[in-house]
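Chains as they are written, first to last, in the working numbering: chain A, 1 to 382; chain B, 1001 to 1382.
The structure under discussion appears below in the form of structure tokens.
Protein chains: 2
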Amino acid sequence: MIEPQQQPGRLVATYRLRCPTYDAAKEVARDIAREQTLEVPPGVVSAELEGRLLGRVDGITPRAADGFDAQVSYGLEVTGTELLQVVNVAYGNVSLMNDVRLVDLSLPDEVLEALPGPRYGLEGLRDMVGARGGRPLISAAIKPIGRTYEELAGVAATFARAGVDAIKDDHGLVDQSPAPFLERVTVVANAVAEANAETGGRTAYFPNVTGPVDQLGSRLDHVIATGCPGVMVCPSLMGLDVMRSIASGPRPLAIMAHPTHSQTGPCRTEGIAPEVLYGTLYRAAGADIVIYVNAGGRFAWPVEQCEAINARLRAPLGRIRTAAPAPAGGVKDADAGSWFERYGPDTMLLIGGSLLAQQDILGATRRLVEAAVAATPVGVQP
Amino acid sequence: MIEPQQQPGRLVATYRLRCPTYDAAKEVARDIAREQTLEVPPGVVSAELEGRLLGRVDGITPRAADGFDAQVSYGLEVTGTELLQVVNVAYGNVSLMNDVRLVDLSLPDEVLEALPGPRYGLEGLRDMVGARGGRPLISAAIKPIGRTYEELAGVAATFARAGVDAIKDDHGLVDQSPAPFLERVTVVANAVAEANAETGGRTAYFPNVTGPVDQLGSRLDHVIATGCPGVMVCPSLMGLDVMRSIASGPRPLAIMAHPTHSQTGPCRTEGIAPEVLYGTLYRAAGADIVIYVNAGGRFAWPVEQCEAINARLRAPLGRIRTAAPAPAGGVKDADAGSWFERYGPDTMLLIGGSLLAQQDILGATRRLVEAAVAATPVGVQP
């Protein structure tokens, strides 16, 4: 992959094109540069405007097996600094072209300054949950749909007693009758608070606020009223800018981003590459924690894909804080140690079903927390 | 394709699976049914809950060349009737699986009752713009970025004088300095109103309100204050539920939906098939007009794909009104007649660049409007 240099005042996008020849790739790249900016045939506007606003094809690099990478850059006059126009220019109408995939994205300083990024970030989360020594973090999910809010609160209390750092709602828990939003959040938050009071722990509960946008404000207020320090949101369902608005807004909530409906995967010929979507866009839009589907679980994502996401979430990105990668989706609790070894301590492992499937959930969760403590970097006092 | 029967109280989704064997397809379909509902291993919850809530594999049909179509249905207890949970169940986590494409979707009556659908619909739009005789509709786009709002207003006035039914902002026009949202909408709306007063016409201007969600309410109020009857929104950028909230809300605005960033295309192995995304989801969520990229333009979509979208937008869908398909994306004004012949009168042809590229924009637009009038169905008084 081309590693695009950040260009002053320009958004730099790299598109992977499935094309037979260099000349064909050059033509597609020029079509993209026009489609994403002026979107009128040559000659409609002045040469001055064309020169100023048309996307610029900066380079085309052949790839071994599957076509070409075309780097196209766009001026700030086109993108502005608002999140949705940035996405619109990077991957708007061209998302309707087959064989065009967005594989890299570099945001100019002006955009990075305007976007919130994580309110807490990885280090802020460690302070929030009292995770000392730079150890990896543990999150557990309460599920499934169909359980009542009292049952879910019981599971949450067990997780909190075992000392997990974070508890999240299943993303399918919205407002169904066995566990309606208001009652669920109240009762689960209370159960977690009581467990914290017993143990002296600081487990954080992230309720799922995904739902009708016109109810979001009142849901966030309810989350604040119950004392929860954060929320879970599904940005690709609700809208990326909805997450941005929470991260930029007045309520001091951390955000856990869930990847449902994000329509991405490794090695596809269209879409946004997972590391770009999660590692750049979700993070810049305000996710403190980014859940993705881990290798070796229910989804067939290669471990290199997961490592690319981790790397993006932790890489320098202007003034924007680093976020916690949260590999999930069928991770087995017994494998936690080897994942910490592979991914390093700046990781929040998210485990759901494999804990819930056990006879002794409390014991299994305690062992998981011990594995995280044992993975504290050497030389640091845990 | 399987044509799924609507099932009482169940959402029916058809997934196209690229799979070597029937048995492999059956296994993937069962994985999907679990992933989209309980999302815990067998044995975690009671057999009663599994029976009640697990997705049901209703059938698997082999396809000639590329795998199998699996029909999976979900109970109302899982989906609820809120738009985002419906999408989450139909194509949530499975959007992260390669080789799984959503190719059909049937919504139960309960969901159709809860979703707004178009406020005006195709017939309401005809009344709004005074298009008599059931003729096709004409829309034109003001563009590009970089032009000032006065320049854009001049173009809009020309289109209105020529009698187009609708004028839309380019979807790249957001709040950039040459044409900031507030000034642009005020000045363009005035120019269109003046032209309407001159001609006795009723051209409708649809300003693009896509942008920060926390500014949406004030933008909609401004649109209402300037007397515009509708707005353009990009639902796949802003969030499908944002469009639903406008369609369900108190402001009597028609909605034109733009497909930017909708990440769909014909013949892909992942994603949501265009006719399902636009024809069912965009429509049910409230789009009166659905723009898509037409065959023969800048995008390589086959005409059969376009016809499938048209058919879905016009098909019965509970109490939900029909919407106007708006083929666009490099449609040439000279071809309008043949498109009307092919697509029929229940169509709004959207033309941008090919009008703007002409010396005599007024004359070319007038000829286009005449072509629409000439396409009035036989036997109807135009």
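Every residue, glycine too, gets a C-beta built ideally from N, C-alpha and C.
Taking C-beta atoms as the reference points, A:A285 and A:M243 count as a pair closer than 8 Å.
Taking C-alpha positions only, A:N190 is separated from A:S177 by approximately 20 Å. In this chain, the beta strand (DSSP E) harbouring A:V290 covers 289-293. Across the structure, B:I1145 and A:Q7 are spaced so that their CA atoms are roughly 21 Å apart. Residues of the segment 1071-1090 of chain B that bring their beta carbon within less than 7 Å of a beta carbon in chain A comprise E1077, V1078, G1080, E1082, L1084, Q1085, V1087, N1088, in sequence order.
Near chain B, meaning a CB-to-CB distance below 7 Å, the residues of the segment 213-225 of chain A are V213, D214. Collapsing the DSSP output to three states places A:A179 in coil. Look at the beta carbons and you see the segment 13-30 of chain A not touching the segment 110-130 of chain A: under three pairs across the two are nearer than 8 Å.
In this model, B:A1195 and B:Y1205 are separated by some 12 Å (Cα to Cα). Inside the segment 337-364 of chain A, DSSP marks whole beta strand (DSSP E) runs of 3 or more residues at positions 348-351, from first to last along the chain.
Scanning chain A for C-beta atoms nearer than 8 Å to the C-beta of B:M1097 yields G265, F299, A300, reported in chain order. When secondary structure is reduced to three states using DSSP, A:A33 falls in the helix class.
Within the same chain, A1013, L1102, I1272 come within 8 Å of B:Y1091 by CB-CB distance, once the 5 residues on both sides are set aside.
In the same chain as A:P212, and ignoring 5 residues on each side of it, no C-beta atom comes closer than 6 Å to its own.
Taking a Cβ-Cβ cut-off of 7 Å, the neighbours of A:P41 in chain B comprise G1353, A1357, given in sequence order. In the three-state DSSP reduction, B:T1280 falls in the helix class (H, G or I). With the rule of 3 Cβ pairs closer than 8 Å, the segment 1061-1081 of chain B does not count as touching the segment 353-368 of chain A.
By the rule that beta-carbons nearer than 8 Å mark a contact, B:N1294 does not touch chain A. With contacts defined as CB atoms closer than 8 Å, A:T203 and A:H171 fail to qualify as a contacting pair. Neighbourhood of A:V45 in chain B, by CB distance below 8 Å: P1144, G1146, R1147, in chain order. For B:W1301 against B:V1293, the beta-carbon gap comes to about 5 Å, under 8 Å, which counts as contact.
Within the segment 248-262 of chain A, contact with chain B at the beta-carbon level (separation under 7 Å) is assigned to P259, T260, H261, S262.
Around the beta carbon of B:A1374, a 10 Å sphere encloses fewer than 16 other beta carbons of the protein chains shown; the residue is thus reported as exposed. Note on the segment 89-159 of chain A: whole alpha helix (DSSP H) runs with a minimum of 4 residues are 109-114, 121-129, in chain order. Contact of A:T203 with chain B is not assigned, every C-beta pair being separated by 8 Å or more. Taking the beta carbon of B:T1037 as reference, the chain A residues within 8 Å of it are P144, I145, G172, listed in sequence order. Around the C-beta of A:V44, 16 or more other C-beta atoms lie within 10 Å, and the residue is accordingly described as buried.
Taking the Cα positions, A:R147 is about 7 Å away from A:A179. The closest CA to that of A:R314, considering only A:Y282, A:G330, A:S95, is found on A:Y282. Taking C-beta atoms under 8 Å as the contact rule, A:I142 and A:V89 fail to qualify, at a distance of about 39 Å. Between the beta-carbon of A:N310 and that of A:T280 there is about 13 Å, and that puts the pair past the 8 Å contact cut. In this structure, A:Y120 lies near A:A254, with their beta-carbon atoms less than 8 Å apart. In this model, B:F1340 and B:V1331 are separated by some 12 Å (Cα to Cα).
Its chain contains I255, A257, A323 as the residues whose beta carbon lies nearer than 6 Å to that of A:A287, once the 5 sequence neighbours on both sides are disregarded; these appear in chain order. At a cut-off of 8 Å between C-beta atoms, A:E198 does not count as an interface residue with respect to chain B. B:C1019 sits buried, since 16 or more C-beta atoms from the chains shown fall within 10 Å of its C-beta.
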